[in-house]
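These protein sequence lines are chains W and L, in that order.
The first sequence begins at 17 in this note's numbering and counts up one residue at a time.
The second sequence begins at 2 in this note's numbering and counts up one residue at a time.
Quick reminder that beta carbons are idealized off the backbone N, C-alpha and C, glycines included.
It should be emphasised that the depicted structure is a prediction, and the values quoted were computed from it without experimental measurement.
One structure below.
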Amino acid sequence: MADISIQIKELNEKIERESAFIERINQEIRKVIVGQKHLIDGLLIGLLSDGHVLLEGVPGLAKTLAVNTLAHTVNAAFNRIQFTPDLLPADLIGTMIYSQKNEEFQVKKGPVFANFVLADEINRSPAKVQSALLEAMQEKQVTIGSNTFELPRPFMVLATQNPIEQEGTYPLPEAQVDRFLLKLVITYPSKEEEKQIMRENTAHEFPAANAILSTDDILRSRETVKEVYLDEKIEQYILDIVFATRFPADYHMPSYTNMIQYGASPRASINLAKASKAYAFIKHRGFVIPEDVRAVCHDVLRHRIGLTYEAEAENMTTEDIVTEILNNIEVP
Amino acid sequence: MRRKTFTYFLILALGISASKAQEILVRAVLDTNRALIGDQLKLNIEVEKSGDWQVNFPALNDTLSEKVEIIAVSAIDTTPMGSGRVKLTREVLVTVFDTGFYEIPPLHFMLTSGLHRDTLKSLPVFFEIVSVKVDSALHDIKAIERMPLRAMEVLPYPVAALVLFLLTWVIIHYIKKWRKRSVRTQAGVPDEPAHVIALRELEKLKEEKPWQHNRVKYYYSRISEILRAYIEQRFQIPALEQTTHEIVQIIRVPMVGAAASQNLAAILQLSDLVKFAKVIPDAGESAVQLTKAVAFVTDTMMSEKIQTDEAPGEMIISNNNQVLQHD
């Protein structure tokens, strides 16, 4: 082989160098979390793409533990908020309190002021509390009274939710769910993995992850991820996938027209590209290939497609639709 | 003497009244004197008079007597009778909703002629209203009436059966004909085998030599496309919708042999680098890829030959340089 473009070669070398910490962070997380490779990859993609991650799964699948562990591998401020039905927006973002000493109102910042915010069981609170996170997630700032405060960088919301079929849950509004870069669905561990989990949890000491990264490392890596090369062919592939969720008939899937109430928004295209770049970075590559897009496609799209009653009646899920789209769109 | 005079005057007065009465006749006649309860009866009221008499018919309201109800009253009809006499008639429709004997009382008519006034009344009319006769005896339930079978009633069934039969026959005939035609069409234009198409396309690409004309990306895109289309048709897997990694995972050594598997992986991976990572291999390297692609197709192609003369149905399949025979 021959003349590889100097630019890409240099980029590849840089990315191999910069992404070396991925193995170390993986090792630290694996001290605590058994299995759940997909979950850990998803969390890293969120961390590197400057996105927020929503984790969904039945209770007891180490969602909270995984987020806790990731936060502890980075030397950064971490707050956990347990969402409850009586939680108020002010409990989240903060409020103005009257100081008798100074005889004036003072701002009391809420737990959202941290690098990593774990919104545990986010769908246990009603929509007004969930929506309080909107400004923080999108604008990376919070307005309390008449004052607007910048949130610390990096800022990442990691929310966990129980499947909405469970009692006492409030489904997240579409506007908010769209702001999550990824929605990861956590499944049960295998028998072998569960045996190991059982052993670790019944031992004298439960392993803990060490902080191996600083916030500056994360911010620098994010800049490197942005440099990952995304060819026009891959851009077209991403657009085809997103457009197929809106106009399935144009992509040889006329039977899905009545199944999709609304397709993915332009934010889906942006996030699919960002997540693909981050995935390529995790794989120590300086360019995106179709495998990267396919690897993150379900996680990026599953919460951005609205199903019709007809689709629900036929037990069809957004998962099925994304799979069908990937099976129908030609890979570049 | 006085008594004689009174008698004389009385006879004279009666004579005048009689002459007046003879001029006017009033009559009330019912069309029947026996009717069923609720039946309608027609009462004809007639007055015969000379022209100089004015007659006022009696006013008729809802009833003629307690139970005799008036349904309708016609207008007065005048019929000339000659000699200056006329006949006035009026029809009254009555009914009774109870059984028994009834009387239509006399009807009073007011007569006027100049200064002379008089009243005449008709005779009362009697009639009987009877109820419907009820048969209280018990009878057997009537048997079902058997109507005679008519040809027009039966005819539609055999006609419909005949039409259905003809329709079925036409459809079956049409399907048979259509099948024969499609078999003939298939036999006439056989589908090209996957390797024929792939080799032709690779040959075309070789003639174009795009890598020598600064179209390296196009060249590798085409090679990858031709090979994936070939794999899709040859191995029946949706290779055009799969990534390099997925294809290489499926097309492994046991399936196509080590050389073909390695060739395919090398071509597709290099194509990915050119397509997605701006890698530009040199001209020699590019030319080699085409040779590798042709080698992959020839190593994995399937050729079929149906021997129709000696042993119909016998098929020789060459797969990966192996010859298999089926009876």
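Within chain L, the C-beta atoms nearer than 7 Å to that of W/R310 come from T244, in chain order. Non-local C-beta neighbours of W/K79 in its own chain, meaning closer than 7 Å and more than five positions away in sequence, comprise L71, G73, T176, I202, ordered along the chain. Pairing W/P142 with L/S222, the inter-Cα distance amounts to about 51 Å. By the CB criterion at 9 Å, L/A29 and L/L116 fall outside the cutoff. L/P81 is the residue among L/L241, L/T96, L/P81 whose C-alpha sits nearest the C-alpha of L/T90. Among the residues of chain L, those whose CB is under 7 Å from the CB of W/P306 are T244, following chain order.
Only residues of its own chain outside the window of five on either side were considered, and among them V193, K199 have a CB closer than 6 Å to the CB of W/H319, listed in chain order. One finds F277, A278, K279 in chain L with Cβ atoms closer than 8 Å to the Cβ of W/Y245, taken in chain order. The criterion of a C-beta distance shorter than 9 Å is not satisfied by W/V90 and W/V128.
Scanning L/K88, L/I227, L/F128 for the CA closest to the CA of L/D99 turns up L/F128. As the crow flies, the alpha-carbon of L/D119 is around 19 Å from that of L/P106. At least 9 Å separates the CB of L/D300 from every CB of chain W. Under the DSSP assignment, L/F236 falls outside any beta strand (DSSP E), being part of the alpha helix (DSSP H) whose first and last residues are 217–236. Not a single CB atom of chain L sits nearer than 9 Å to the CB of W/I31. Segment contact: the segment 237–244 of chain L against the segment 338–346 of chain W, three or more CB-CB distances shorter than 8 Å; contact assigned.
Looking at the DSSP output, L/S51 bridges to L/R86. Interface residue (Cβ-Cβ distance to chain L less than 9 Å): W/I234 is not classified as such. Assignment of W/D194 by DSSP, reduced to helix, strand and coil, places it in the coil class. The C-beta of W/E26 comes no closer than 9 Å to any C-beta of chain L.
DSSP places W/V258 in the helix class (H, G or I) of the three-state scheme. Here W/L86 is not near W/L197, since their CB atoms are 9 Å or more apart.
Buried is the label assigned to W/E307, since at least 16 other Cβ atoms lie within 10 Å of its Cβ.
For W/G126, same chain residues with a beta-carbon under 6 Å away, outside a window of 5 residues either side, are L108, I109, G110 in chain order. When CB distances to chain L are screened at a threshold of 8 Å, not a single residue of the segment 180–213 of chain W falls below it. W/V244: not part of any alpha helix (DSSP H); DSSP gives it neither H nor E. The segment 277–348 of chain W contains, as complete alpha helix (DSSP H) runs of 4+ residues, the segments 282–298, 306–317, 325–329, 334–344 (chain order).
Counted as a single uninterrupted DSSP element, the alpha helix (DSSP H) harbouring W/N217 occupies residues 207–218. With respect to the 9 Å criterion, W/L59 and W/V69 are classified as neighbours on the basis of their beta carbons. CA-CA distance, W/N131 to W/H314, rounds to 26 Å.
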